[in-house]
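J.: In the numbering used here, the protein residues as written are 662 to 941.
In this text, a Cβ means the ideal position worked out from N, Cα and C, and glycines have one as well.
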Amino acid sequence: MNHSVPMLTLADGQQMPQEGFGLYKVHGQATMNTAVKTAYQAGYRLFDTAQLYKNEKEVGIALQQLAVPRDHFFVTTKVAEVNQGYQRTIDSVKDSLHKLQLNYVNLLLIHWPTAKYFFDTWRALEDLKQAGLTRSIGVSNYQMIHLQYLATQAHEMPVLNQIERHPLLSQAPMIKFDADHQIITQAWSPLGRGKILDNPVLTAIGQAHHKSSAQVILRWHLQSGVAFIPKSVHRDRIKQNLAIYDFSLSDQEMDQINGLNEYHRFGKEPALVYEYNKKW
Ligand code: A2P
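This is the structure we're talking about:
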């Protein structure tokens, strides 16, 4: 494992790199191969995909081409809303593993909470873990109410909750709730989809450290104690996003970034996805 990225210990004992590589919207075999190879060579060891991304097959081929032992990388995938329900979840995860050319994933998440198959889907994840098809199980886009509801029937609780988090949506109460319940928070769209990089507070802090706004944001995630999965298809940015372990933000700078929170989501509101039973 790469030495600069800290390892976090999940509640079930599995180790996970705090920084990973996001694969949302990475499409085309050639682009995927280059992105995964560049990321691996730069030092990323966690690769985050999902059934919804429709790129698991491409990810599988790119991972094969790395030609490194299985325990040198960590793979996350997520069950799509359309595949929720006990048997559909089991079947879809087997299909994901087939596409990924893996015997197991390191982490399997429910992509969004939905009302219809809320407990059945989680029961399937518990059974998939028992069967060794995933090392850890968790959720994504769950709010406090969803986790509390899940706790009423779960045999084991998620070890990770992947949520939208960036400087415009700092999620302090959710992160505290997760931490209080031994759940690691992992930030998706950690860079705010790249749409907030010209924010003057971020650029000023970046100038003071000779770093880009993206690096300042990722360092803020790191020092907040959350895990995060930036994505890029550009070699220089893939490397740049890992060059955050040679500087630190002061408490005052952390406060400044925390102060940018506007409760602004680029993605969907989880409570609505729950009620509609689908993301769109
Ligand atoms: P690209 O893939 O063209 O580099 P998020 O992870 O928050 O969803 O943001 C991802 C977006 O941010 C992508 O559009 C990506 O574009 C862009 N991005 C990733 N890293 C950087 C960086 N270091 N500087 C500028 N833009 C970046």
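#1: In the DSSP assignment, what are the bridge partners of H827?
#2: Report buried or exposed for D907, applying the criterion of at least 16 other Cβ atoms within 10 angstroms of its Cβ.
#3: Is the beta carbon of A812 sitting closer than 8 Å to the one on H772?
#4: So L789 and I751 are supposed to be a Cβ contact under 8 Å. How far apart are they, rounded?
#5: Looking only at its own chain, which residues have a Cβ that is under 6 Å from the Cβ of F838, when we skip the five neighbours before and after it?
#6: Looking at A848: is its Cβ nearer than 8 Å to the Cβ of H882?
#7: Please work out which residues of its chain come closer than 6 Å, Cβ to Cβ, to H870, disregarding the five sequence neighbours upstream and downstream, and give them in chain order.
#8: Whole angstroms is fine: what's the gap from H688's alpha carbon to Y810's?
#9: According to DSSP, is L903 part of a helix, a strand, or is it coil?
#10: Identify every run of the beta strand (DSSP E) within the stretch 882 to 933, keeping only runs that are complete inside it and at least 3 residues long; order them along the chain.
#11: Restricting to Cα atoms, I'd like to know which of V666, S665, M677, P667 is closest to V820.
#12: From the DSSP output, in three-state form, read off A700 for me.
#13: Rounded to the nearest angstrom, what separates R611 and F927 at their Cα positions?
#14: Would DSSP call A792 helix, strand or coil?
#15: Which residues bound the beta strand (DSSP E) around Q748?
T.: Reading from the atomic positions:
#1: In the DSSP assignment, the residues bridged to H827 are L830.
#2: The residue in question, D907, is exposed, as its Cβ has fewer than 16 Cβ neighbours within 10 Å.
#3: No; because the gap between Cβ atoms is not below 8 Å, this pair is not in contact.
#4: The Cβ separation is near 7 Å, so the contact holds.
#5: Excluding residues within five positions, the ones whose Cβ falls inside 6 Å are M805.
#6: Contact flag set, yes.
#7: Within the same chain, H870 has close Cβ partners F908.
#8: Roughly 36 Å separates the two Cα atoms.
#9: Of the three classes helix, strand and coil, the one that applies to L903 here is coil, per DSSP.
#10: None, since the stretch 882 to 933 contains no complete beta strand (DSSP E) of that length.
#11: Taking only the C-alpha atoms, the option nearest V820 is M677.
#12: The answer is helix: DSSP assigns A700 an H, G or I state.
#13: Here the chain has residues from 662 to 941 only, and residue 611 is not among them.
#14: Note: A792 maps to coil in three-state DSSP.
#15: Where Q748 is concerned, there is no enclosing beta strand (DSSP E), although the alpha helix (DSSP H) it sits in stretches over 747 to 761.
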